[in-house]
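J.: I'd like to ask you about the structure that follows.
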Amino acid sequence: MRTRDLQVPEDIFQEIIDYLRVDVPLLCKCALVSQKFARICRPHIYHRVELNGQRAPAEFRYKALLGALLETPSLAEHTRQLHIHLGSPYNEFSPASDRRLPVFLGFFNQLEQISLTCAISRLKQSIERPLANLFGLKSLRNITLISFPAFPAALLNYAVHVTDLVLHSVKLDVDRILCIDPPGSSAEHVPSKKSIMLSIRECQLETIFVVEELLRGEGIFIKHHNGVETLSLAPKQLHNGLENIEPYIDLLKTIAANQGCSGTATLKNLTFTPAVSDVKYIATLGSALPSTLTTFTLDFSQMRDLRLFGRYAEELRRLFGNLSRSCPQIRKSHIKFHVYAMKLDIPPTWIPPEVTVLDSLLKSRELFPMFEEFHCSVDLNIQLLAYDRARLKEVASHYEAELSRWFPSLNEIVYPF
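Below, the structure is given as structure tokens:
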């Protein structure tokens, strides 16, 4: 490709690059054409840095990127998202074991999102300071931690600007004492308070206890944030079902107790994802919800056969009965299903009666006088027919018609293709 063959006005070229911004390999090729092209392409090339070992060997990409940053540190100024798998005891190479990882992390100072995955039992002390610096960035809004067997809980105290925290299969280590200075407490370090979104999925109970402490008194979510406005809970699945729902009840009570204190936000949106064996607990959950709740979502994506839904009709009736007493301000409800194990050739011909019952319950002005919308969505897994594209749309249309008959308020069917 020759530069003289590409005499395109810069504004038009910029539009082309904006359109191709997700195709990083192609952008890298464009950047090699000329310095002008490199200047336009680099913000998109380095906007999202992903080192999770899925697209190419993690060691190669990590070392290549580190080399590029050592040569041109300003490249990291374009990065807004950093997604990195720190390592696993089963990997030959792990960034967490590399002595240059603190230097690598130190290049990024404009991040808005950071996602960390790690299966190593204990992080080195040498990366405590770089992680604390990243968590404390004024630009950072989202932290996602996945599969940590022991993440230092004290590091969350630095995330004073973060408004979206996701903990997925994480155990927070409260005994880990950091070898760095605590976060600053002077006025210039304290941002204007904002409400946060909090997601706790498949975490051990110790993590629930730690988060609850962060929501009390001088905890970070009270001291530096305006309380929790959106909460997503997915209890950890055990072979015999949920071991204990009380920690989740206590967490909700703590959130409710702090609502309205010192101008804190009110919990308005809650998503609860029970496992099949845990559904019997959801009526108890309904009685513990804060009265300020306006949107409630039940995500049954763990229920692999929609026919199992009928087993919990009475518990669901009790749940919405409790909701009508504890959450009179509810305006919207959303129920999600993911259908895995239904015969694909013949659409089912029965209608789960509990579905229409829920529909009528929620629309009852006596129970929910402010109710506006009952939203159902079904993620229909029909990948087994992927080899027969001719029949794929035919089967999908059959299911769409049948599911619409099941759910009077069905709003959405999501297909995996």
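So the sequence shown is numbered by my numbering: it starts at 19 and just counts up by one.
Heads up, the beta-carbon is just placed ideally off N, CA and C, and yes, glycines get one too.
These numbers were taken from a predicted model, which means no experiment stands behind them.
For the alpha helix (DSSP H) containing K271, name the first residue and the last one.
T.: What you label residue 271 is simply residue 253 of the sequence shown in a count that begins at 1. Start and end: 264–275.
J.: Just confirm the distance between the C-beta atoms of F169 and D191, as a whole number of angstroms; I'd bet it's less than 8 Å.
T.: Position 151 of the sequence shown holds residue 169. Position 173 of the sequence shown holds residue 191. Approximately 6 Å separates the beta-carbon atoms of F169 and D191; this is inside 8 Å, confirming the contact.
J.: Please identify the residue among G105, L316, N429, Y64 whose C-alpha is closest to the C-alpha of F125.
T.: Position 107 of the sequence shown holds residue 125. Ranking G105, L316, N429, Y64 by Cα distance to F125 puts Y64 first.
J.: Since I believe A137 is in contact with P167 (beta carbons under 8 Å), could you give me their beta-carbon distance rounded to a whole number of angstroms?
T.: Within the sequence shown, the letter at position 149 stands for residue 167. Within the sequence shown, the letter at position 119 stands for residue 137. Sure, about 7 Å apart at Cβ, within 8 Å.
J.: Grab me the residues of L119's own chain with a C-beta within less than 7 Å of its C-beta, minus the 5 sequence neighbours each way, in chain order.
T.: Counted from its first residue, the sequence shown places residue 119 at position 101. Closer than 7 Å at Cβ, skipping near neighbours: P113, I145.
J.: Given this structure, state the Cα-to-Cα distance separating G304 from E391, to the nearest angstrom.
T.: Walking along the sequence shown from the start, residue 304 turns up at place 286. Walking along the sequence shown from the start, residue 391 turns up at place 373. Their Cα atoms are separated by approximately 19 Å.
J.: Can you give me the Cβ contacts of I267 inside the same chain, cut-off strictly under 8 Å, excluding the 5 residues immediately before and after it?
T.: Taking the sequence shown and counting its residues from 1, the one referred to as residue 267 is at position 249. For I267, where only same-chain residues beyond five positions count, the Cβ hits under 8 Å are T302, L303, A306.
J.: Once the 5 residues before and after Y265 are set aside, which same chain residues still bring their CB inside 6 Å of it?
T.: Here the question's residue 265 lines up with position 247 in the sequence shown. The identity of residue 265 in the sequence shown is Pro, whereas the question assumes Tyr. The answer, listed in chain order, is L223, I226.
J.: So K211 and N244 are in contact, right, with Cβ under 8 Å, and what is the actual spacing, rounded?
T.: Your numbering for residue 211 matches position 193 in the sequence shown. Your numbering for residue 244 matches position 226 in the sequence shown. Contact holds; Cβ gap of about 4 Å.
J.: Buried or exposed for V121, going by 16 or more other Cβ atoms inside 10 Å?
T.: On the sequence shown, position 103 is the one that residue 121 refers to. Answer is exposed; the Cβ neighbour count stays below 16.
J.: Identify whether Q143 lies in helix, strand or coil by the three-state DSSP scheme.
T.: Walking along the sequence shown from the start, residue 143 turns up at place 125. Residue state, collapsed to three classes: helix.
J.: Express the C-alpha separation of S395 and E430 in angstroms, rounding to a whole number.
T.: Here residue 430 corresponds to residue number 412 of the sequence shown, with the count starting at 1. Here residue 395 corresponds to residue number 377 of the sequence shown, with the count starting at 1. E430 and S395: Cα-Cα distance of roughly 5 Å.
J.: Just confirm the distance between the C-beta atoms of F314 and L288, as a whole number of angstroms; I'd bet it's less than 8 Å.
T.: Taking the first residue of the sequence shown as 1, we reach residue 314 at position 296. Taking the first residue of the sequence shown as 1, we reach residue 288 at position 270. 6 Å between Cβ atoms; contact.
J.: Identify the continuous alpha helix (DSSP H) that holds T302 and give its terminal residues.
T.: For the purposes of this step, residue 302 is identified with residue 284 of the sequence shown, where counting begins at 1. Unbroken alpha helix (DSSP H) run through T302: 300–304.
J.: Going by C-alpha to C-alpha distance, which of Y108, E68, L93 sits closest to H101?
T.: Residue 101 sits at position 83 when you count from the first residue of the sequence shown. For H101, the nearest C-alpha among the options comes from E68.
J.: Use the C-beta contact count for E412: other C-beta atoms within 10 angstroms, 16 or more gives buried, fewer gives exposed.
T.: Indexing the sequence shown from 1 puts residue 412 at position 394. Exposed, because fewer than 16 other Cβ atoms sit within 10 Å of the Cβ of E412.
J.: Who are Q131's beta bridge partners in DSSP?
T.: The count along the sequence shown starts at 1 and reaches residue 131 at position 113. Per DSSP, Q99, N160.
J.: Mapping the DSSP letters down to three states, classify H393 as helix, strand or coil.
T.: Locating residue 393 in the sequence shown gives position 375, counting from the first residue. Here H393 sits in strand by DSSP.
J.: In terms of residue numbering, what span does the alpha helix (DSSP H) encompassing V225 cover?
T.: The count along the sequence shown starts at 1 and reaches residue 225 at position 207. One point to set straight first is that residue 225 is Thr, not Val, in the sequence displayed. Here the alpha helix (DSSP H) through T225 covers 223–232.
J.: CA-CA distance, E95 and E89?
T.: Taking the first residue of the sequence shown as 1, we reach residue 95 at position 77. Taking the first residue of the sequence shown as 1, we reach residue 89 at position 71. About 14 Å.
J.: Taking 6 Å as the limit between beta carbons, can you name the residues of its chain near R73, skipping five residues before and five after?
T.: Within the sequence shown, the letter at position 55 stands for residue 73. A caution first: R73 carries a pLDDT of 49, below 50, which makes its placement in the model too unreliable to give a value.
J.: Which two residues bound the contiguous beta strand (DSSP E) that contains L288?
T.: Here the question's residue 288 lines up with position 270 in the sequence shown. It spans 287–290 - the beta strand (DSSP E) in which L288 sits, taken as one unbroken run.
J.: CA-CA distance, D182 and R336?
T.: Taking the sequence shown and counting its residues from 1, one reaches residue 182 at position 164. Taking the sequence shown and counting its residues from 1, one reaches residue 336 at position 318. Rounded to whole angstroms, D182 to R336 spans 32 Å at the Cα level.
J.: Report all residues from its chain with a CB closer than 6 Å to the CB of A293; omit the five preceding and five following residues, and keep chain order.
T.: In the sequence shown, the residue the question calls residue 293 occupies position 275. If we look at A293 and ignore the five residues flanking it on each side, its Cβ neighbours are Q255, Q320.
J.: Would L311 and K286 be called neighbours here (beta carbons separated by less than 8 Å)?
T.: The residue labelled residue 311 in the question sits at position 293 within the sequence shown. The residue labelled residue 286 in the question sits at position 268 within the sequence shown. In contact: L311 and K286 (Cβ atoms closer than 8 Å).
J.: If contacts are defined as beta-carbon pairs under 8 Å, then R159 and Q128 qualify, I think. What distance do you get, rounded to the angstrom?
T.: Stepping through the sequence shown from its first residue, residue 159 is reached at position 141. Stepping through the sequence shown from its first residue, residue 128 is reached at position 110. Not really, about 12 Å apart at Cβ, beyond 8 Å.
J.: What residue from I273, N262, Q347 has the CA that sits closest to T248's CA?
T.: For the purposes of this step, residue 248 is taken as the residue at position 230 of the sequence shown. Of the candidates I273, N262, Q347, the one whose C-alpha sits nearest the C-alpha of T248 is I273.
J.: Give the secondary structure of I138 by DSSP, where H, G and I count as helix, E and B as strand, and everything else as coil.
T.: Counted from its first residue, the sequence shown places residue 138 at position 120. In this structure, DSSP gives I138 a state outside helix and strand, which the three-state scheme calls coil.
J.: Name the two residues that bound the continuous alpha helix (DSSP H) containing V188.
T.: The residue given as residue 188 occupies position 170 in the sequence shown. No alpha helix (DSSP H) contains V188, which is instead part of the beta strand (DSSP E) from 182–191.
J.: Beta carbon of N151, beta carbon of I238: below 8 Å?
T.: One-based indexing of the sequence shown puts residue 151 at position 133. One-based indexing of the sequence shown puts residue 238 at position 220. No, the Cβ-Cβ distance between N151 and I238 is not below 8 Å.
J.: With H, G and I counted as helix, E and B as strand and the rest as coil, what does DSSP make of E220?
T.: Here the question's residue 220 lines up with position 202 in the sequence shown. Coil.
J.: A168 by DSSP, collapsed to three states: which one?
T.: In the sequence shown, counting from the first residue as 1, residue 168 sits at position 150. Secondary structure at A168: strand, using DSSP grouped into helix, strand and coil.
J.: Output the boundary residues of the beta strand (DSSP E) element that contains A252.
T.: Counting from one through the sequence shown, the residue named residue 252 turns up at place 234. Boundaries of the beta strand (DSSP E) around A252: 246–252.
J.: Would S187 and I164 qualify as a contact pair, given that the criterion is a beta-carbon distance under 8 Å?
T.: By 1-based counting over the sequence shown, the position of residue 187 is 169. By 1-based counting over the sequence shown, the position of residue 164 is 146. A contact, by the Cβ cut-off of 8 Å.
J.: Count the other CB atoms within 10 Å of the CB of E332; is the residue buried (16 or more) or exposed (fewer)?
T.: In the sequence shown, the residue the question calls residue 332 occupies position 314. E332 comes out exposed.
J.: CB-CB under 8 Å to I61, same chain, minus the five flanking residues each way: which ones, in chain order?
T.: The count along the sequence shown starts at 1 and reaches residue 61 at position 43. At residue 61 the sequence reads Pro, which differs from the Ile that was named. The residues are H96.
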